Amino acid sequence: MRLTDELAHEVVYAAAEQESAVGEGFRWIGTPDQADAGQFRDTVSNELGRAPVHLIASGLDAEGALSFAAEEGDRLVSLVLIDPQVDESNPDYWELLGRVHVPSLVIAAAPEPNSPVAQAQSVAGGIENGVFVIIDGITAPSHRSRPASFVEWGGAFMVIAEGLAADRLPDHT
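Taking our numbering, the leading residue of the sequence shown gets 676, the next gets one more, and so forth.
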């Protein structure tokens with residue numbers, strides 16, 4: 676059984692390149708390579724249908740996914756960010772995090788016990804409904820290094836988010 680068989684809502688992975696490691700049953704939305712947050716947000720907005728989805732983004736696409744979640748959170752059941760890379764020196768970034776109210780999971784790879792994960796942790800900590808998970812002993816990107824762990828953590832989170840969607844989304848079917 677695939678992870679998506681357990682979910683009522685579609686899972687969408689938005690990235691410049693299609694990823695085979697994110698799991699069978701996920702829909703890919705191609706975003707412009709090196710897209711800025713606005714380009715990413717606009718591409719995802721134009722490609723999504725009306726029904727709310729689980730959105731996955733990784734690395735440099737995290738800021739665009741956060742922007743989409745802040746602007747169009749009613750179109751998301753959950754947001755999953757994998758090893759996010761963001762510009763913490765930008766004051767607008769911190770304001771953006773405060774506008775994200777979608778249940779969000781941030782996953783960070785930690786190849787060594789003392790690996791820096793502060794940036795990913797700050798993303799989760801800045802989101803009202805943010806959850807932070809470290810996958811030990813792997814290099815970024817987590818979903819390629821250990822797909823099974825990514826699917827387990829991401830899948831469990833998405834199932835929980837679906838339970839919360841009934842109270843949060845106007846039309847959650």
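Virtual Cβ for every residue (Gly too), placed ideally from N, Cα, C.
If you're wondering where the values come from, they're calculated on a predicted model, not measured in any experiment.
Expected contact under 8 Å - CB spacing of residue i and residue j to nearest Å
| i | j | result |
| --- | --- | --- |
| residue 748 | residue 776 | 6 Å |
| residue 755 | residue 780 | 5 Å |
| residue 757 | residue 816 | 6 Å |
| residue 686 | residue 702 | 7 Å |
| residue 760 | residue 735 | 5 Å |
| residue 681 | residue 838 | Their Cβ separation, rounded to whole angstroms, is 12 Å, which puts residue 681 and residue 838 out of contact at 8 Å. |
Three-state secondary structure (DSSP) of residue i
| i | result |
| --- | --- |
| residue 831 | helix |
| residue 790 | coil |
| residue 774 | coil |
| residue 842 | helix |
| residue 726 | coil |
| residue 741 | helix |
| residue 758 | coil |
Distance CB(residue i)-CB(residue j) smaller than 9 Å
| i | j | result |
| --- | --- | --- |
| residue 689 | residue 731 | yes |
| residue 828 | residue 810 | yes |
heavy atom of the ligand SAM below 8 Å from residue i C-beta
| i | result |
| --- | --- |
| residue 721 | Only the bare structure without any ligand can be found here, which leaves the ligand SAM out of the picture. |
Does the contact criterion of 3 or more C-beta pairs under 8 Å hold for the stretch 778 to 797 versus the stretch 816 to 824? Contact between the stretch 778 to 797 and the stretch 816 to 824 is present, because at least three Cβ pairs lie under 8 Å.
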